[in-house]
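*Asks:*
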Amino acid sequence: MQGSAFKLLEIDEKFQLLHPGQTVVDCGAAPGAWSQVAVQRVNSTGTDVSAPRGTVVGFDLLNIAALDGAHFLPHHDITDPATHAKLQQLLPEGHADVILSDMAPNASGFKELDCEKLFSICLSLIDLAEKVLLPGGSLLCKYWDGILREECMSEVVWPAVGQGQRVDGGGEVRGVWI
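In terms of full-length UniProt numbering, the sequence shown has 9 at position 9, counting the first letter as 1, and numbering is strictly consecutive.
(1) Is the region 30-41 in contact with the region 6-18, if contact means three or more CB pairs nearer than 8 Å?
(2) Give the single residue among Ala129, Leu67, Ser138, Asn106 whose Cα lies nearest to the Cα of Ala29.
(3) Report the option in Thr45, Leu90, Gly3 whose CA atom is closest to the CA atom of residue 245.
(4) By DSSP, does Val42 sit in helix, in strand, or in coil?
(5) How is Val37 classed by DSSP in three states: helix, strand or coil?
(6) What residues are listed by DSSP as bridge partners for Phe15?
(7) Quick one, are the C-beta atoms of Ala38 and Leu100 less than 9 Å apart?
(8) Tell me Gly101's beta-bridge partners as DSSP assigns them.
(9) Quick one: Cα of Leu134 to Cα of Lys111, how far?
(10) Determine the contact status of Val49 and Ala70, defining contact as a CB-CB distance below 9 Å.
(11) Assuming Asp114 is part of the alpha helix (DSSP H), what are its boundary residues?
Dropping the structure here:
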């Protein structure tokens, strides 16, 4: 199991985001570690016949290896409205219980520029969440510390997520998960 999977498992153990029967969107799904966790936790393969069967749909700009229990959309961009529309078609009733994102921009070597790029990704995730996330659903995304972090969080992110919880990545992870 990849290291990023352990990160999601740790967050899920603490906040109980993923449950059997849920519909999950994994944004930036390649190479598939978070999707593997989601498939198991929401029972999308039907392994546990006594639990409801969930759905996992993932997309990424890159190719994604097939995974039993997940439907993947390779070469799809979070900023493209066509990606949002395609997701709505694939999701049961066009909605999701959970949106996961471990996406990050390719590092430029300039911290503030990279933070701005990641913030742009977060805005696209919020846009997607407004379209597909069910009331009471969860959006888990990464955001790095940067000079605009507090301003961006207070003016854009927190108003969009309402009563969300702030999840400190802790350890070597420097950022915020919401």
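Virtual Cβ for every residue (Gly too), placed ideally from N, Cα, C.
*Replies:* Let me lay it out:
(1) Yes, the region 30-41 touches the region 6-18.
(2) Residue mapping note: residue 29 aligns to position 29 of the sequence shown, counting from 1. Ranking the options by Cα distance to Ala29, first place goes to Leu67.
(3) The structure shown does not extend to residue 245, since the chain spans only 1 to 178, so no value can be given for it.
(4) Residue numbering aside, residue 42 sits at position 42 when the sequence shown is read from its first letter. In the structure shown, Val42 sits in a helix (DSSP, three-state: H, G or I).
(5) In the sequence shown, residue 37 corresponds to position 37, counting from 1. In the structure shown, Val37 sits in a helix (DSSP, three-state: H, G or I).
(6) Counted from its first residue, the sequence shown places residue 15 at position 15. Note: Phe15 sits in no beta bridge, so no partner.
(7) Stepping through the sequence shown from its first residue, residue 38 is reached at position 38. Stepping through the sequence shown from its first residue, residue 100 is reached at position 100. Yes. Within cutoff.
(8) For the purposes of this step, residue 101 is taken as residue 101 along the sequence shown, with counting starting at 1. A small correction: the amino acid at residue 101 is Ser; Gly does not occupy that position in the sequence shown. DSSP lists Cys27 as partners of Ser101.
(9) By 1-based counting over the sequence shown, the position of residue 134 is 134. By 1-based counting over the sequence shown, the position of residue 111 is 111. C-alpha separation (whole angstroms): 34 Å.
(10) Walking along the sequence shown from the start, residue 49 turns up at place 49. Walking along the sequence shown from the start, residue 70 turns up at place 70. In this structure, Ala70 does not lie closer than 9 Å to Val49 by Cβ.
(11) Stepping through the sequence shown from its first residue, residue 114 is reached at position 114. That run of the alpha helix (DSSP H) goes 111-132.
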